[in-house]
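Undergrad: For the sequence shown, our numbering begins at 1 and goes up steadily by one.
The following block contains the structure, expressed as structure tokens.
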Amino acid sequence: MKRKYLTIDEINALLKTIMLKSKSARDYCMVNMAFIHGLRVSELTALKLEDYDPLSQKIYIKRLKGGLSTSHPLLPAENKILKKWLEERKSFPGNNLPWLFLSHQGKKLSRQRFYQLLSDYGRLACLPVNVHPHMLRHACGYTLAELGNDTRLIQDYLGHRNIQHTVLYTAANSARFKNAWIKRKC
């Protein structure tokens, strides 16, 4: 069976490779945000400058496929790299366009281009799987479950309307059974 997600170690190796190989903060920022927020590739490429609130350090995510849109807080390191990208973005052609992520030609970054970039970085990082964008969304779900987050929180975080789409992340988390046989004191 083909694995559909990346482990946290693989995410870290991927991000480290991007940091070393890319001349732009854009690629690191995109991959990091796609993972941290469980973004579908179309949700990532549809992000606009107006979706980012630097004062509250939040990003508004318009979920697709009937998902629940919401605002997510940005992690401090994530906010820092996003600010670095936004400063760099000013030198890109088309910097007056509303899209958060632009191509080097100054256009909205395409889904296909992000797929190609991610696949190339996965090979450069010597990852044991062929990396594609949806693996970042799944990695987010599994990582949130491994951190002990409640299924309902993960459901809301990923914008799932139906909890059946979320339980695959928590069902695979064997750590949730750790204290199943320990008697609790009242």
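Beta carbons: idealized from backbone N, C-alpha and C, even for Gly.
Measuring CB to CB, does SER42 end up less than 7 Å from ARG111?
TA: yes
Undergrad: Using the three-state DSSP reduction, which class does SER71 fall into: helix, strand or coil?
TA: strand
Undergrad: Measure the alpha-carbon distance for ASN95 versus ARG89 and round it to whole angstroms.
TA: 6 Å
Undergrad: Indicate whether the contact test is met: 3 or more Cβ pairs, each with one atom in the region 124-132 and one in the region 4-18, closer than 8 Å.
TA: A contact between stretches requires three or more CB pairs, one per stretch, nearer than 8 Å, and the region 124-132 meets this requirement with the region 4-18.
Undergrad: Hey, which unbroken runs of the alpha helix (DSSP H) at 4 residues or more fall wholly within the region 43-131?
TA: 76-89 and 111-124
Undergrad: If contact is defined by three or more beta carbon pairs under 8 Å, each pair taking one atom from either stretch, is the region 24-36 in contact with the region 76-89?
TA: Yes: at least three Cβ pairs fall under 8 Å.
Undergrad: Can you tell me the Cα-Cα spacing of THR45 and ARG137, whole angstroms?
TA: Rounded to the nearest whole angstrom, the CA to CA distance from THR45 to ARG137 is 14 Å.
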